[in-house]
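Those protein sequences? They're chains A and B, same order as listed. 66 is the number that numbering that gives the first Met the number 0 gives to position 67 of the first sequence; each next residue is one higher, with no gaps. 102 is the number that numbering that gives the first Met the number 0 gives to position 103 of the second sequence; each next residue is one higher, with no gaps. We treat Cβ as the ideally placed atom computed from N, Cα and C, and that holds for glycine. Treat the numbers as computed from the prediction; the structure is a model and nothing was measured.
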Amino acid sequence: MADIFHSSQPIYQQLAERMKKQIIRGELAPGDKLPSVRETGIEVSVNPNTVQRTYRELESMHIVESRRGQGTFVTEDEGVLESIREEMKTELMTTFFQGMHEMGYTNEEIERGLIDFLNEKGEQKG
Amino acid sequence: MITLTNVSKRYGTKKALDHVNLELTPGKLIGLVGENGSGKSTTLKLIAGLNHPTNGEVRVNGEKVTRKIADSVSYLSELDEYYRFFTVKRSIEFQSSQFKDFDKEKAYEILKFMKLDPNDKLKHLSKGNRGRLKIVLSLARNVPVILMDEPFSGLDPMVRNSIVKGLISFIDLEKQLVLITTHEIREVENILDEVVAIKAGSIIGHHNVEELREQKQMGIVDWMTEVYE
Numbered sequence: 000m001a002d003i004f005h006s007s008q009p010i011y012q013q014l015a016e017r018m019k020k021q022i023i024r025g026e027l028a029p030g031d032k033l034p035s036v037r038e039t040g041i042e043v044s045v046n047p048n049t050v051q052r053t054y055r056e057l058e059s060m061h062i063v064e065s066r067r068g069q070g071t072f073v074t075e076d077e078g079v080l081e082s083i084r085e086e087m088k089t090e091l092m093t094t095f096f097q098g099m100h101e102m103g104y105t106n107e108e109i110e111r112g113l114i115d116f117l118n119e120k121g122e123q124k125g
Numbered sequence: 000m001i002t003l004t005n006v007s008k009r010y011g012t013k014k015a016l017d018h019v020n021l022e023l024t025p026g027k028l029i030g031l032v033g034e035n036g037s038g039k040s041t042t043l044k045l046i047a048g049l050n051h052p053t054n055g056e057v058r059v060n061g062e063k064v065t066r067k068i069a070d071s072v073s074y075l076s077e078l079d080e081y082y083r084f085f086t087v088k089r090s091i092e093f094q095s096s097q098f099k100d101f102d103k104e105k106a107y108e109i110l111k112f113m114k115l116d117p118n119d120k121l122k123h124l125s126k127g128n129r130g131r132l133k134i135v136l137s138l139a140r141n142v143p144v145i146l147m148d149e150p151f152s153g154l155d156p157m158v159r160n161s162i163v164k165g166l167i168s169f170i171d172l173e174k175q176l177v178l179i180t181t182h183e184i185r186e187v188e189n190i191l192d193e194v195v196a197i198k199a200g201s202i203i204g205h206h207n208v209e210e211l212r213e214q215k216q217m218g219i220v221d222w223m224t225e226v227y228e
């Protein structure tokens, strides 16, 4: 379980990315209560102080909100969730295109490549 | 809060610690790392009041450390020092009779978490389960400072993992400071707030671990390799 994080990048950021994906996938739905800081810490074997920082980070992005005495909840603001989803897509695409351009692929080649790839794989995941 | 001010410790002519200054603040899990003989255990023993500095001063929460500091410091030795003819339950009773702050209810909770049988005799426990029991006895005390000397040493990955989870589950980072010495850095990579590196009796680095990652893109192992050269 320790291997789900890279030791050379801040764990709180990696955990935030991981939870953002859970939220975007709907594994954690709008309005859902997040597990307590300690529960999450035990699940991913991470220091509760670090988990606390992840929750604060997600809160500052308005993805979750903490309600005094009740815990932390996924936002019900669909607009925020949609923009996070777009943002993460753009991030991944930027990395992909950078890599392809570094290898000298033209946009046309990339586009054709993408279409072929999708046709071959269909909607199958992973 | 633990402070070491200009602390040196000699055993005969051998210098174990050399002018060490260290300040550790509550609410953190701190790792003391370094090779064999670098002074890790000596540092812990000085904080626990089991040994006295040759020079300098050790304080815990402002109080100068003597044997009496055992009231506010829980110390887990790297040795197996419990009575082998005791049962698990009897060990808990014994520990409870020794320390006013020992929380029996919490001890049984941790015992359950570690899947230990209270009726087993210590001499029949595997090495791994003796390691787990030590964690139970050490974490069940309501004290501001918990010191653990090599809690993972010689234990298999399953046991090490249960100890990591036990630490996350049962230490109270609102109040407690946990200082742990270890060789198994990978095991503690994700649970430490701070890391202190010690070499030949001197502190050669002290860092917040997430800052190391953020500012230097380094994990603890990378950092250790760098400072130790």
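CA-to-CA distance, residue j to residue i, given in whole angstroms
i: L166 of chain B; j: E228 of chain B; result: 31 Å
i: K215 of chain B; j: V72 of chain B; result: 34 Å
i: I145 of chain B; j: N20 of chain B; result: 20 Å
i: R185 of chain B; j: V220 of chain B; result: 8 Å
i: L66 of chain A; j: V73 of chain A; result: What sits at residue 66 of chain A in the sequence shown is Arg, not Leu. The alpha-carbon atoms of R66 of chain A and V73 of chain A are separated by roughly 11 Å.
i: T93 of chain A; j: E64 of chain A; result: 29 Å
i: I197 of chain B; j: H18 of chain B; result: 12 Å
i: E58 of chain A; j: I179 of chain B; result: 32 Å
i: K126 of chain B; j: L115 of chain B; result: 13 Å
Opening and closing residue of the alpha helix (DSSP H) in which residue i lies
i: H18 of chain B; result: Premise fails: H18 of chain B lies in the beta strand (DSSP E), 13-23, not in any alpha helix (DSSP H).
i: V36 of chain A; result: 36-43
i: E173 of chain B; result: Unbroken run through E173 of chain B: none, as it is neither H nor E.
Opening and closing residue of the beta strand (DSSP E) in which residue i lies
i: H205 of chain B; result: 201-207
i: R58 of chain B; result: 54-59
i: R66 of chain A; result: 63-66
i: V74 of chain B; result: Contrary to the premise, residue 74 of chain B reads as Tyr rather than Val in this sequence. Here the beta strand (DSSP E) through Y74 of chain B covers 72-75.
i: L31 of chain B; result: 28-32
Reduced DSSP secondary structure (H/G/I, E/B, other) of residue i
i: N5 of chain B; result: strand
i: S90 of chain B; result: helix
i: P158 of chain B; result: Reading off the sequence shown, one finds Val at residue 158 of chain B, where the question assumed Pro. Here V158 of chain B sits in helix by DSSP.
i: T224 of chain B; result: helix
i: D115 of chain A; result: helix
i: A196 of chain B; result: strand
i: M147 of chain B; result: strand
i: I184 of chain B; result: helix
i: T71 of chain A; result: strand
i: I68 of chain B; result: helix
i: L43 of chain B; result: helix
CB contact flag (residue i, residue j, <8 Å)
i: N207 of chain B; j: E225 of chain B; result: no
i: I10 of chain A; j: V36 of chain A; result: no
i: L191 of chain B; j: I91 of chain B; result: no
i: Y10 of chain B; j: A47 of chain B; result: no
i: L110 of chain B; j: V135 of chain B; result: yes
i: V87 of chain B; j: L132 of chain B; result: yes
i: M18 of chain A; j: T53 of chain A; result: yes
i: R83 of chain B; j: K122 of chain B; result: yes
i: I23 of chain A; j: L80 of chain A; result: yes
i: I114 of chain A; j: M99 of chain A; result: no
Residue i versus the options, residue with shortest Cα-Cα distance
i: Q97 of chain B; options: B:K111, B:I109, B:Y81, B:L110; result: B:Y81
i: T24 of chain B; options: B:V158, B:R58, B:L49, B:D70; result: B:R58
i: E42 of chain A; options: A:M60, A:E75, A:E90, A:F4; result: A:F4
i: I13 of chain B; options: B:G204, B:L138, B:A199, B:R212; result: Before going further, note that residue 13 of chain B is Lys rather than Ile in the sequence given. Comparing Cα-Cα distances from K13 of chain B to each of B:G204, B:L138, B:A199, B:R212, the minimum goes to B:A199.
i: R66 of chain B; options: B:G55, B:L49, B:D119; result: B:L49
i: L138 of chain B; options: B:F112, B:F169, B:R89, B:E77; result: B:F169
i: T53 of chain B; options: B:T42, B:N60, B:G61; result: B:T42
i: H205 of chain B; options: B:L31, B:K63, B:T2; result: B:L31
i: P150 of chain B; options: B:K114, B:T181, B:I203, B:K63; result: B:T181
Residue i Cβ short of 7 Å to the ligand ADP heavy atom set
i: L146 of chain B; result: Here there are no bound small molecules, and the ligand ADP is not part of this structure.
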